[in-house]
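Worksheet for the structure shown next.
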Amino acid sequence: MCDRRTGKETQITVFDPGNHPHRRLNPLTREWVLVSPHRTKRPWQGQTETSPSDVRLTYDPKCYLCPGNARAEGKQNPRYEHTFVFDNDFSALLPDPVCRGRPAPHSLLQAEPVRGVCRVVCFSPRHDLTLAEMSVPDIRHVVDAWVEQTLDLGAKDFVHYVQVFENRGAMMGCSNPHPHCQVWATEQIPNEPAIEAASQQEYLEKHGRSLLTEYLHGEWLSRERLVCANDHWVALVPFWAAWPFETMLIPRRAVASLPDLNDTEQDALAEILKRLTTRYDNLFEVSFPYSMGWHQEPTDGEGYPGWILHAHFYPPLLRSASIRKFMVGFEMLAEPQRDITPEQAAERLREQSEKHYREG
Ligand code: H2U
Ligand code: ZN
C-alpha cells in the first residue's frame, strides 16, 4: 500500500490479537482496555520468587475477628463455629434517615444523602485459613452467609443494592488476615452495578438474550479463556480483562442473585471457589491477594430481566508474589492497559494444580 503523503510503500500486516496492540471493549462497563501483547515476547522469564514461608496462628489473641475476642469498640465476638456476621463498627454508611435540606447551589455541585448498612462476615473461626485452604463444606457456610445477608439486607425498604466483596491480602488494603468479607447495602445503586444494569438491559432489548448468557455460551465453545468449571459454574478470564489475572465466575443457569441459586448450585459454588482460589495461590506460591465481589440484581424491586449473577476477581499480581500491576499513568489518565493477553493468563491459570501448594 502506498502512503499518499510520502509516496512510500507501507507494509500492512493482518491484525493478530496475540501480537499487535489493540483495544478490547468491556460490554458490561462499556470501557475499552488497551492490550499490548508485543511487550511480552517472553513473558515468563522474569523472576518468580516464592514469598518467605509464613507461619500463621490458628488463633490470634490480638485479632478482632477471632472467636471470643473483643473488637476495637469493645464488643465481644461469640465463640462461633462456622461464620459470624456483625455490623461494621466503623460503618461507611448509616441507616438513619436524613432530610435533603437546601437544593444544590449549582448543578455542578450535586450531593445527595445515602443510607445504608455495612457488615463484616467472618468466614471461619480459624485465623490462619483462606477460602483456598478451607474445606468445601466450610466454604458452603460462607455461601449461606452471603445468601442470608443478601436476603436480610435486600428486604430493608431503604436498601436497593447489596454489594458483597472480599479484600484479600495486605496488598489490597485488607486490614486483617483473618478470613472475612464485607457487605455494604446501599440506598442508591453504585456506579459499577448501575452501568452493568444498563448494559445488560440494553443488550436484552436489542438481542432478546442476556448479555452474559450469550457471552458464556461463546466462551464455553472456544475454551480459550476458561480456567475451570463444574456442572453449575464456569471460571474464566474475561475477553476484556484489565487486571493480569482477572477472572469472572458465572453460573451456567441464568440466575439474577445469590438467593436464586438452588442447593446444588450453592454446593457447586463452594467447590469452584476452592478450586479457583487454589489455582491463584499456586500461581506464585503465595496467598494470592485480590478484591472479589458479587454483582447481583438490585433489590429496588424494579425488575432486571437481563441481569445475570456473577463474581469478579481482581488480583493485582503480575509476575511474581511481589511484582504487582499498577493502574497508574496511562491507566489513570486514559484507559486500562495490559501486556499479557487474557488468553495467556487463562492458560497460566489452567496449568496450575488444584491441590494447594501448602497442603502436605
Ligand atoms: P477489610 O476487609 O478492609 O480488612 O475491613 C475489615 C472491616 O472490619 C473494616 O471495614 C471493620 C473495619 O471497619 N472493623 C470492625 O468493624 N471492628 C473492629 O473491631 C475492627 C475492624
Ligand atoms: Zn483471627
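FYI, the numbering for the sequence shown is 12 to 371, going by my numbering. Built from N, CA and C at the ideal position, the CB exists for glycine as well. Just so it is clear, the structure is predicted and the values come from calculations on it, not from any experiment.
Distances from the CB of Val96 to the heavy atoms of ligand 1 are all 7 Å or more. Under the three-state reduction of DSSP output, Asp271 falls in the helix class. Within the same chain, His243, Trp244, Pro262, Arg264, Val266 come within 8 Å of Glu276 by CB-CB distance, once the 5 residues on both sides are set aside.
At a Cβ-Cβ threshold of 8 Å, Phe324 and Glu257 count as neighbours. Annotation: the continuous beta strand (DSSP E) that includes Gly304 extends over 301-306.
For His49, there is no enclosing alpha helix (DSSP H), as DSSP marks it with neither H nor E. With respect to Ser135, Pro190 sits close: the two C-beta atoms are nearer than 8 Å. DSSP, reduced to helix, strand and coil, places Ile261 within a strand of the structure shown. Under the DSSP assignment, Ala196 falls in the beta strand (DSSP E) whose first and last residues are 191-197.
Taking a cut-off of 8 Å for Cβ pairs, the segment 351-369 and the segment 313-324 do not touch, as fewer than three such pairs fall below it. Measuring C-alpha to C-alpha distances from His49 to each of Arg41, Pro32, Leu36, Thr40 identifies Pro32 as the nearest.
With a threshold of 7 Å, the Cβ atom of Ala332 does not count as near ligand 1, since no heavy atom of the ligand is closer than that. Residue environment analysis places Asp149 among the buried positions, since at least 16 neighbouring C-beta atoms fall within 10 angstroms of its C-beta. In the pairwise beta carbon analysis, the segment 288-299 is classified as not touching the segment 159-171: fewer than three pairs are separated by under 8 Å.
Residue pairing for Val175: DSSP places it in a beta bridge opposite Val194. Residue state for Tyr75 is assigned as coil, using DSSP reduced to three classes. Shown in chain order are the residues whose CB sits closer than 5 Å to a heavy atom of ligand 2: Asp71, Cys74, Leu76, Cys77, His138, His189. Not a single heavy atom of ligand 1 lies less than 7 Å from the C-beta of Ser298. Per DSSP, Arg35 lies in no alpha helix (DSSP H); the unbroken beta strand (DSSP E) holding it starts and ends at 33-37. Put simply, the backbone Cα of Val128 is about 12 Å away from that of Val175. Taken in chain order, the whole beta strand (DSSP E) runs of length 3 or more contained in the segment 180-242 are 191-197, 237-240. Per DSSP, reduced to three states, the secondary structure at His93 is coil, with no helix or strand assignment.
Secondary structure in the segment 144-168: the alpha helix (DSSP H) runs of 4 residues or longer, each lying completely within the stretch, are 147-165 in chain order.
In the displayed model, Ala332 falls within coil according to three-state DSSP, outside both helix and strand.
Each residue's CA atom was taken as its position, placing Ala252 and Gln348 some 10 Å apart.
Between Ala143 and Asp278, the C-beta gap is not smaller than 8 Å, which leaves the two residues out of contact.
Contact between Leu104 and Val131 does not hold, since their C-beta atoms are separated by about 13 Å, which reaches or exceeds 8 Å.
Note on geometry: alpha-carbon atoms of Thr141 and Asn241 lie some 21 Å from one another. Comparing alpha-carbon positions, the option among Gln199, Ile206, Phe337 lying closest to Pro326 turns out to be Phe337.
Checking the DSSP bridge columns, you'll see Gln22 has no partner listed. A residue is called buried when at least 16 other Cβ atoms come within 10 angstroms of its Cβ; Glu313 does not meet this threshold and is exposed. A Cβ-Cβ distance of about 6 Å is found for the pair Thr310 and Val173, placing them in contact under the 8 Å criterion. Pairing Leu360 with Val238 gives a Cβ-Cβ distance under 8 Å. Counting along the chain, Arg359 sits inside the alpha helix (DSSP H) bounded by residues 353-362.
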